[in-house]
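Worksheet: the structure to be examined is printed underneath.
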């Protein structure tokens, strides 16, 4: 369970409940959110492990050695992110497996739900979900204690995977008639599940409240990035 | 196709055909074999990629997060070996995908044949085949030009995967009645396929000759290592 507080609020009043009247409440953005480091790292680490699993599945089912080779590099990036986050958990003095465990069921379901019906949907699923979530967690890392936040941002900023996925998808879309329409639809359907995972990182097990409205700007940025990512593939988001 | 020659033979006469009468011919050992660097690196790199695929499959199907986490580290080791060998191919000025391609069909079949019927057989399949082949290619690297040979040995010597596999297998064997017998049988059945891959590295597409007899000591060492590996698990080789 990730506990959050608004940075400007009292640390004794967790989450987004500043003691001001609702009408005075500005909407929060990324810089105002304060994640609980251990839970943040645990969820981020497990998400990278699941991204790795989908990338490894893409390697195993790639239609050519060339694609296999490119995707193996992308899988390596996800795995390095995972292991670097695990190292951060150990630095916090906790047992990574125990910290990750509560996030496993929802993340496993998420991975299955975004793996798609064939190799192309699998690739777009990875591209869209890791694109949004890496960015999301990297921005939220701004609210972690200074040093760990910097390290986490550097970990999550490692490039290399998106380029491979974009190249493979771009090539397939150019070659296969009808694939663009199918993938555009699929891309749109991925957004909802991905935002739910992002929101779970913010809310933990909290019941729904005016929270959704407060953090809306956070999600607006994620969706804008998603649109740019789809545009780059010539797909309507 | 990997071309080999006996180190002591003329370089104009490739493979194991020294110009001496058969009766004078001592049996070759690892130090006398001279692999053709590009083909050697291509086959070794592709074998690591396939080992990675099986490890990633083991990660995806692991029965617990703890096992998943351990195996993800082992998958990372195989992936690093693969990418380091790819870097060596680039250093040789060749396109890695083209060099690996001829080895893909046999290696793909080998991976499938050694993946087993369940997670435990998959783990033993990886443990036995990567154990034998990493060792085999590391020893043969002694015949490569000095610098590249040293680098390749260091690449292949990276530890970490075998320990994880041994721990997981040891735990399962201790817990599950009857598993030891089944895995002992499975381990024995893996040796033949693995030796065929090793032999293909020595022989390329060469027709069978007195070659088998000459390189027998090479395989004797591999089999002795295999026996030690099975012993460590309490399995009869």
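Chains as they are written, first to last, in UniProt numbering: chain A, 1 to 237; chain B, 1 to 237.
For every residue, glycine included, the Cβ atom is placed at its ideal position computed from N, Cα and C.
For residue i, the residue or residues it bridges with in DSSP
{"i": "residue 218(B)", "result": "Note: residue 218(B) sits in no beta bridge, so no partner."}
Cβ pair residue i, residue j closer than 8 angstroms
{"i": "residue 144(A)", "j": "residue 35(A)", "result": "yes"}
{"i": "residue 37(A)", "j": "residue 92(A)", "result": "yes"}
{"i": "residue 126(A)", "j": "residue 172(A)", "result": "no"}
{"i": "residue 138(A)", "j": "residue 74(A)", "result": "no"}
{"i": "residue 119(B)", "j": "residue 58(B)", "result": "yes"}
{"i": "residue 148(A)", "j": "residue 98(A)", "result": "no"}
{"i": "residue 165(A)", "j": "residue 123(A)", "result": "yes"}
{"i": "residue 72(A)", "j": "residue 82(B)", "result": "yes"}
{"i": "residue 197(B)", "j": "residue 133(B)", "result": "yes"}
{"i": "residue 85(B)", "j": "residue 115(B)", "result": "no"}
{"i": "residue 237(B)", "j": "residue 188(B)", "result": "yes"}
{"i": "residue 70(B)", "j": "residue 168(B)", "result": "yes"}
{"i": "residue 158(B)", "j": "residue 80(B)", "result": "yes"}
{"i": "residue 112(B)", "j": "residue 60(A)", "result": "no"}
{"i": "residue 33(B)", "j": "residue 185(B)", "result": "no"}
Neighbour flag for residue i against chain E, beta carbons, 8 angstroms
{"i": "residue 65(A)", "result": "Within the model displayed, chain E is absent; protein chains A and B are what it includes."}
Cβ-Cβ separation, residue j to residue i (assumed contact under 8 angstroms), whole Å
{"i": "residue 135(B)", "j": "residue 49(B)", "result": "That belief does not hold up - the Cβ atoms of residue 135(B) and residue 49(B) are roughly 18 angstroms apart, past 8 angstroms."}
{"i": "residue 193(A)", "j": "residue 103(A)", "result": "No, residue 193(A) and residue 103(A) are not in contact; Cβ-Cβ is about 15 angstroms, not under 8 angstroms."}
{"i": "residue 233(B)", "j": "residue 170(B)", "result": "6 angstroms"}
{"i": "residue 78(A)", "j": "residue 55(A)", "result": "5 angstroms"}
{"i": "residue 152(A)", "j": "residue 190(A)", "result": "Contact doesn't hold; Cβ gap of about 24 angstroms is too wide."}
{"i": "residue 251(A)", "j": "residue 183(A)", "result": "A question about residue 251(A) goes unanswered here, because the residues of chain A that appear run from 1 up to 237."}
{"i": "residue 230(A)", "j": "residue 65(B)", "result": "The pair is not a contact, with the Cβ atoms about 33 angstroms apart (cut-off 8 angstroms)."}
{"i": "residue 201(B)", "j": "residue 30(B)", "result": "At roughly 12 angstroms, the Cβ-Cβ gap does not stay under 8 angstroms, so residue 201(B) and residue 30(B) are not in contact."}
Within chain B, the residues that residue i reaches when beta carbons sit closer than 8 angstroms
{"i": "residue 83(A)", "result": "72, 73 and 76"}
{"i": "residue 40(A)", "result": "Ordered by position in chain B, no residue passes the 8 angstroms Cβ test against residue 40(A), which lies about 18 angstroms from the chain."}
{"i": "residue 79(A)", "result": "72, 75, 76 and 79"}
{"i": "residue 60(A)", "result": "53, 56 and 57"}
Interface residues of chain A facing residue i [CB-CB closer than 9 angstroms]
{"i": "residue 110(B)", "result": "Ordered by position in chain A, no residue passes the 9 angstroms Cβ test against residue 110(B), which lies about 15 angstroms from the chain."}
{"i": "residue 196(B)", "result": "What residue 196(B) touches in chain A: nothing, since even the nearest Cβ is about 21 angstroms away."}
Within chain A, partners of residue i - CB distance below 8 angstroms
{"i": "residue 102(B)", "result": "Ordered by position in chain A, no residue passes the 8 angstroms Cβ test against residue 102(B), which lies about 10 angstroms from the chain."}
Near the ligand NAD: residue i beta-carbon under 7 angstroms from a heavy atom
{"i": "residue 190(B)", "result": "Looking for the ligand NAD in the displayed structure turns up nothing, as the structure carries no ligands at all."}
Under 7 angstroms from the C-beta of residue i: neighbouring residues of chain A
{"i": "residue 97(B)", "result": "65, 66 and 69"}
{"i": "residue 140(B)", "result": "Ordered by position in chain A, no residue passes the 7 angstroms Cβ test against residue 140(B), which lies about 23 angstroms from the chain."}
Neighbour list for residue i in chain B, Cβ cutoff strictly below 9 angstroms
{"i": "residue 49(A)", "result": "59, 65, 68, 69 and 72"}
Inset, instruction - Ignoring anything shorter than 4 residues or poking outside the stretch 84–159 of chain B, list the alpha helix (DSSP H) runs there in chain order. - result: 96–100, 104–113, 119–140 and 146–156
Inset, instruction - Could you tell me which uninterrupted beta strand (DSSP E) segments, each at least 3 residues in length, are contained entirely in the stretch 43–90 of chain B, listed from first to last along the chain? - result: none
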